[in-house]
Amino acid sequence: MSYLDSHCHLNDEAFLEDYEEAIKRALDNGVRFLCVVGWDVESSKKAVEIAKKHSGVYAMVGIHPENLEGISENSIAELSELAKEKEVIAIGEIGLDYHWFKEPEEHENQKVWFKRQIALANELHLPISIHARDASQDTLNILKENVPQYGGVLHCYSASPEMLPYFAKLGLYFGFDGPITFKNSKAPKEAVRVCPDDRILSETDCPYMAPTPNRGKRNEPAYIPLIVEEMARIKEKSLEEMEQIIEENFKRLFHVKQ
Ligand code: NI
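Residue numbers (my numbering): 293 to 550.
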């Protein structure tokens, strides 16, 4: 069995004491690739540090829309420097979050730095990982006008299944997480069903959103099989087939060999 977690936060303080053990538990569960994702400059540095210590572990560097306080061109320069490391496979996570931020000025500021980081990814020839919460239409509009030239993934896809084809038309990939395993989560399950096979990715986004039956606990990459099993069930594929599809997608988007 071979699984992968394309988006996790082992750099989060929830793993301060035991991220090494979490990586080990993931390996024991057949997780071959992990990608640790930053949300500001410090966490991006930490993501790279973790990736450097373990084979099969990669990093993304970026500034999340919830963490824009104090951001400047200096921060972009720091990300650009970090992204030179060979373990860095994308710029992320970046995007729009209108769930926690309601003011029009905040939305405008998020758009500015989202576009700036798409431009950075294009400069560096890297794909992007997109966080979009309660902001699907603006995210789609920005991506149409600021095309990520090296592709990207809508991480933890939470827009409607109806909207998915519009993002797919832009060549984007879709990451699915614990919520697809929740009993009454109709929309996420439907989004998996309509997602093109060649665009689907598995992720935990840990420490958040642990899949059933671990819902409510700290999430970790070792739980990835629970998510992939549910994907296989929804897509009416064997587990092996599902894993293989995900691995091919991951390697194609992020130019990971091995
Ligand atoms: Ni995340």
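Every residue gets a Cβ at the ideal spot worked out from N, C-alpha and C, and that includes glycine.
Range of the contiguous alpha helix (DSSP H) that encloses residue i
i	result
V340	333-345
I434	428-437
M352	Note, M352: premise wrong, no alpha helix (DSSP H); beta strand (DSSP E) at 349-353.
F459	456-460
F546	531-546
I526	516-527
Range covered by the beta strand (DSSP E) that runs through residue i
i	result
D297	295-300
F466	465-468
D320	Element bounds for D320: not the beta strand (DSSP E) but the alpha helix (DSSP H), 311-320.
R425	420-425
L446	444-446
S494	492-494
I383	380-389
R324	323-329
Contacting residues, own chain, Cβ-Cβ under 6 Å from residue i (five flanking each side not counted)
i	result
E361	none
Y390	D426, A427
V380	A351, V353
D332	I355, N359
P499	D304, A306, R510, N511
E377	V340
M293	G322
S421	M352, A382, G384, E385, V445, H447
Closer than 6 Å: residue i CB and nearest the ligand NI heavy atom
i	result
D497	yes
E385	yes
Contact check, residue i vs residue j, beta carbons under 7 Å
i	j	result
N541	L464	no
L302	Y311	yes
I516	V329	no
T473	L531	no
I383	A413	yes
N438	K407	yes
L308	V340	no
M534	V548	no
F468	V484	yes
E539	H447	no
T496	P471	no
I466	R491	In the sequence as presented, Ile is not what sits at residue 466; that position holds Phe. Yes, these two residues count as a Cβ contact at 7 Å.
P419	Y442	yes
K481	I526	yes
Same chain, Cβ closer than 8 Å to residue i, neighbours up to 5 away in sequence not counted
i	result
D430	L388, Y390, H399, K403
P488	A460
N401	L360
I434	L388, K403, F406, K407, I410
Own chain partners of residue i with C-beta closer than 7 Å, once the 5 adjacent residues on each side are dropped
i	result
G348	R324, F325, L326
Y458	L432
I363	I355, W405
A451	A424, S428
W392	E358
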